[in-house]
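Novice:
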Amino acid sequence: MRVVITGAGGQLGHDLLDAFADHDPVGLTRHQLDVTDEAAVADAVTTIRPTLVVNAAAATDVDGCEADPDGAHRVNALAPWWLARACARTGATLVTFSTDYVFDGAAPSGPGGTPRGFTETDPVRPLSVYGRTKAAGEQLVRETLPAHHIVRTAWVSGAQGRNFVRTMLRLADVGDPVRVVDDQTGSPTTTRDLAAAVRRLAVTGRHGTVHLVNEGVATWFDVAEAVFALSGRAVDLGRQSSDAVARPAPRPAWSVLDTTHARTLGVGPLPHWRDALVRLLDELGVRAGRPTTAPGADGP
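This note's numbering puts the first residue of the sequence shown at 417, with every later residue one more than the last.
Rendered as structure tokens:
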């Protein structure tokens, strides 16, 4: 299987290269391929002739997307479309990533009225530019290329790049009090586990939309508390509401993704988020009692 990975310089791209290492993947960073340039995308796919394209390029700065909606649309909507069009011409399959932000954060009602996770068939109602552009990218891919996998994920952290876990570790080292919102609930996910699941999904031939997240549910406060406890950091950690944080883009209050479809496809379940966090902190070399040498960081 000939594999091309776009956005290969980002945190997910790094782990995708590892996950597909047995196929000698071609990794293209944003400097090597501008995915918003349709001609460049078409030329790259035509020249390399991959069997599979995994698109990890995205504009993930949620507040930045509010400030530059046209730029967000180019990266999150048009780029997957250009890749889908190129794949359709060459017979390749496309994996592209979407997000919990395509939903409005109003928890669906499950059995007995308890909240349930969003499923692949729940209607999308994005609250932000980021969510709207990702939803647009999903639809353009569906309309263009039958051989696609749209992977929705959430709250992603890895050993590379900028993410919540690495931010918490940096703030702990600064030594100031840390306040984290406790009224947003979601599905924390590590790039290492996500990439491994995508590797399993890519060979199934079962195309469509699937939710891939680590098992378990948490608030951002829960994740921060676990990071500090597992890394042995003594931090003045406190709770705060989302209203106390002035941000341009609204955040969904409920970002839990249901993984039933992934499990029945045989590509899940992914490990529990706490177990995944332990392995991430080990990879970073910062878990209490472990070596403290961390790998170098790359951009998103």
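We put the beta carbon where it would ideally sit given N, CA and C, even for glycine. Owing to the predicted nature of the structure, the values given are computational and were not obtained by experimental measurement.
Count the other C-beta atoms from every protein chain shown that fall within 10 angstroms of the C-beta of HIS447, then say buried if there are 16 or more, exposed otherwise.
Specialist: Here residue 447 refers to the residue found at position 31 of the sequence shown. Looking at its Cβ environment, which holds fewer than 16 other Cβ atoms inside 10 Å, HIS447 is exposed.
Novice: May I have the straight-line CA-CA distance separating GLY429 from VAL651, to the nearest angstrom?
Specialist: Within the sequence shown, the letter at position 13 stands for residue 429. Within the sequence shown, the letter at position 235 stands for residue 651. Using only the alpha carbons, I get a separation of about 31 angstroms.
Novice: What distance in whole Å lies between the Cβ atoms of ARG595 and GLY654, which are believed to be in contact at a cut-off of 8 angstroms?
Specialist: By one-based count along the sequence shown, residue 654 stands at place 238. By one-based count along the sequence shown, residue 595 stands at place 179. With 8 angstroms as the limit, GLY654 and ARG595 qualify as a contact, their Cβ atoms being about 5 angstroms apart.
Novice: Return the CA-CA distance between ARG548 and VAL626, expressed in angstroms with no decimal places.
Specialist: Taking the sequence shown and counting its residues from 1, the one referred to as residue 548 is at position 132. Taking the sequence shown and counting its residues from 1, the one referred to as residue 626 is at position 210. So the alpha carbons of these two residues sit roughly 18 angstroms apart.
Novice: With a threshold of 16 other CB atoms inside 10 Å of the CB of VAL590, please say whether the residue is buried or exposed.
Specialist: Walking along the sequence shown from the start, residue 590 turns up at place 174. Result: exposed.
Novice: Can you tell me where the alpha helix (DSSP H) with THR676 in it begins and where it stops?
Specialist: As a first step, residue 676 must be located in the sequence shown, where it is residue number 260. Segment 676–681, the alpha helix (DSSP H) holding THR676.
Novice: Excluding sequence positions up to five away, which residues of its chain have a Cβ less than 6 angstroms from the Cβ of TYR546?
Specialist: Along the sequence shown, read from residue 1 onward, the residue named residue 546 stands at position 130. Cβ neighbours of TYR546 beyond the five flanking positions: VAL478, CYS481, TYR517.
Novice: Where do the N-terminal and C-terminal ends of the alpha helix (DSSP H) with VAL590 fall, by residue?
Specialist: On the sequence shown, position 174 is the one that residue 590 refers to. From DSSP, the alpha helix (DSSP H) with VAL590 extends over 580–590.
Novice: Which parts of the segment 535–570 are runs of the alpha helix (DSSP H), unbroken and 4 residues or longer, counting only runs that do not cross its ends?
Specialist: Counting whole runs of 4 or more residues, the segment 535–570 contains the alpha helix (DSSP H) stretches 545–560.
Novice: Please tell me whether VAL633 and VAL572 are closer than 8 angstroms, where the distance is taken between their beta carbons.
Specialist: For this step, residue 633 is matched to residue 217 along the sequence shown. For this step, residue 572 is matched to residue 156 along the sequence shown. Contact: no.
Novice: Bridge partners for LEU468 per DSSP, in chain order?
Specialist: Numbered from 1 along the sequence shown, position 52 holds the residue referred to as residue 468. DSSP, once it has assigned bridges, lists VAL419, THR509 as partnering LEU468.
Novice: Quick test of the definition: if touching needs 3 or more C-beta pairs under 8 angstroms, does the segment 559–571 touch the segment 521–530?
Specialist: Verdict: no, contact absent.
Novice: Is the distance from the Cβ of THR506 to the Cβ of ARG465 below 8 angstroms?
Specialist: Position 90 of the sequence shown holds residue 506. Position 49 of the sequence shown holds residue 465. The answer is yes: Cβ separation under 8 angstroms.
Novice: Report the residue from VAL619, VAL442, ASP440, ALA692 whose alpha carbon sits nearest the alpha carbon of ALA639.
Specialist: Translated into positions along the sequence shown, residue 639 becomes position 223. In the sequence on display, residue 639 carries Val and not Ala. Cα-wise, what sits closest to VAL639 is ALA692.
Novice: Is it the case that the Cβ atoms of VAL732 and ALA551 are separated by a distance below 8 angstroms?
Specialist: Outside the displayed span of the chain (417 to 716) sits residue 732, for which this structure offers no information.
Novice: From this set, VAL702, HIS688, ALA642, PHE534, which residue's C-alpha is nearest ALA575's C-alpha?
Specialist: On the sequence shown, position 159 is the one that residue 575 refers to. Minimum Cα distance to ALA575 is reached at VAL702.
Novice: What residues match up with LEU673 in a beta bridge as DSSP calls it?
Specialist: Counted from its first residue, the sequence shown places residue 673 at position 257. Looking at the DSSP assignment, LEU673 forms a beta bridge with PHE534.
Novice: How far does the beta strand (DSSP E) with HIS688 in it reach, from first residue to last?
Specialist: To locate residue 688, count along the sequence shown from 1; it is residue 272. Its beta strand (DSSP E) spans residues 686–688.
Novice: Have a look at LEU494, THR463, VAL420, ASP438 and flag the residue whose alpha-carbon is nearest the alpha-carbon of ALA451.
Specialist: Along the sequence shown, read from residue 1 onward, the residue named residue 451 stands at position 35. Note that residue 451 is Val in the sequence shown, not Ala. Out of LEU494, THR463, VAL420, ASP438, LEU494 has the C-alpha closest to the C-alpha of VAL451.
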